[in-house]
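What follows is a set of notes on a single structure, which appears directly below.
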Amino acid sequence: MISLETLGKVGEVLSGLKDTLWMTGLLEKHTGDSGEVSYRAKPEVMRRLKIPGKWTGSHKDEVVWQKIINHLNAAEVELVNGWLEQLQALP
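The opening residue of the sequence shown carries number 5 in the numbering used here; numbering runs sequentially from there.
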């Protein structure tokens, strides 16, 4: 069973990764009327990078992450790699 501490860390890392991908232009950020924030992949980016529309964002999918990383500049790669390393280190 996953501890609440681990779940909190996963949420923190995923939130940071989503914010980073939003800043790089790969995700759209939407704020609902209630103030809840959601992120969606930009369809034109998904098509350009040839990422399947049904991709669930698996942190183990090396091919998809490599496509994303190839799209970024050096500073953005460093940010994303930092989040990915933290995510992959989680149980």
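Glycine is no exception: its CB is placed at the ideal position from the N, C-alpha and C atoms.
request  = Could you tell me the boundaries of the alpha helix (DSSP H) in which residue 35 lies?
outcome  = Not the alpha helix (DSSP H): residue 35 falls in the beta strand (DSSP E), residues 31 to 35.
ask   = In terms of residue numbering, what span does the beta strand (DSSP E) encompassing residue 42 cover?
value = 41 to 45
request  = From the DSSP output, in three-state form, read off residue 23 for me.
outcome  = helix
ask   = Where does residue 3 fall in DSSP's three states?
value = An answer regarding residue 3 cannot be provided, because it is not within the stretch 5 to 95 covered by the chain.
request  = Spatial neighbours of residue 80 within its chain, please: CB distance less than 6 Å, with the 5 preceding and 5 following residues excluded, ordered by chain position.
outcome  = 28
Three-state secondary structure (DSSP) of residue 77 = coil
query = Per DSSP, what kind of secondary structure is residue 28 in: helix, strand or coil?
reply = coil
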